[in-house]
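Residue numbers (my numbering): 139 to 343.
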């Protein structure tokens, strides 16, 4: 049975002030590792964990032209097992994060459950003052949505953010993760971007 080792930490600091904004986009430190208990009678078929140009193009184009306005500053990294793309918007105090994850030996439903477990969310939100899981749901075709509220504390005090994180099975060896983070008072922008990204699952019931 395959198990996923927790392998990424998101770092996110946003100023609550409307002026100067201090942001650090989510950071992926290591690729997802799959440990398999292999039946000696079965030879697993695995691929390279090195991202291809197709993986890079897929991650960069995943949101189409949704975040092409000058206010959205994009950067991306390519590492073993993943391609990570980040957009930050200072005036909106918002972050968008897309990650193409490579599972070299494939994955099954339990692998996704383990990867996005309660323990892993604790790691993901380790640098937030606090966070609260609001809801989680998925569609019949496997698209998942996790919703959170998170608190960031700085010199100006506490600021509350809404976090939506979608997980989409892309291919037999690829999973797409998409996170949007907006101030809680920007509900209309949260809804607008959720509808543009995943119209079939904008929020959980």
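Beta carbons are placed, not taken as given, at the ideal position from N, Cα and C, and that holds for glycine.
Alpha-carbon spacing of residue i relative to residue j, whole angstroms
| i | j | result |
| --- | --- | --- |
| residue 398 | residue 243 | A question about residue 398 goes unanswered here, because the residues of the chain that appear run from 139 up to 343. |
| residue 255 | residue 293 | 32 Å |
| residue 338 | residue 183 | 33 Å |
| residue 274 | residue 287 | 12 Å |
| residue 296 | residue 248 | 36 Å |
| residue 320 | residue 230 | 8 Å |
| residue 227 | residue 309 | 30 Å |
| residue 343 | residue 336 | 15 Å |
| residue 257 | residue 265 | 14 Å |
| residue 272 | residue 303 | 12 Å |
| residue 218 | residue 187 | 6 Å |
| residue 332 | residue 192 | 25 Å |
| residue 307 | residue 185 | 17 Å |
| residue 152 | residue 259 | Here residue 152 scores only 38 on pLDDT, less than 50, and its place in the model should not be relied on; the value that follows carries that caveat. So the two alpha carbons sit approximately 19 Å from each other. |
| residue 225 | residue 334 | 16 Å |
| residue 194 | residue 311 | 15 Å |
| residue 200 | residue 277 | 19 Å |
| residue 330 | residue 324 | 10 Å |
Contact check, residue i vs residue j, beta carbons under 8 Å
| i | j | result |
| --- | --- | --- |
| residue 318 | residue 234 | yes |
| residue 220 | residue 238 | yes |
| residue 298 | residue 328 | no |
| residue 189 | residue 250 | no |
| residue 301 | residue 267 | no |
| residue 419 | residue 285 | Here the chain comprises residues numbered 139 to 343, so residue 419 is not present and cannot be evaluated. |
| residue 313 | residue 214 | no |
| residue 216 | residue 316 | no |
Range of the contiguous alpha helix (DSSP H) that encloses residue i
| i | result |
| --- | --- |
| residue 194 | 191-199 |
Cβ-heavy atom distance, residue i to the ligand MN, below 7 Å
| i | result |
| --- | --- |
| residue 339 | Ligands in the displayed structure: none, and consequently the ligand MN is not present. |
Neighbour flag for residue i against chain C, beta carbons, 8 Å
| i | result |
| --- | --- |
| residue 239 | Among the protein chains of the structure shown there is no chain C, as only one such chain exists. |
Could you tell me whether the segment 201-216 touches the segment 275-288, using the rule of 3 or more Cβ pairs below 8 Å?
no
In chain order, what are the residue ranges of uninterrupted alpha helix (DSSP H) at least 4 long that sit wholly in the segment 305-343?
325-335
Which ranges does the beta strand (DSSP E) cover as unbroken runs of at least 3 residues, wholly within the segment 212-288, from first to last along the chain?
With a minimum length of 3 residues, the continuous beta strand (DSSP E) runs that stay inside the segment 212-288 are 220-227, 232-240, 268-276.
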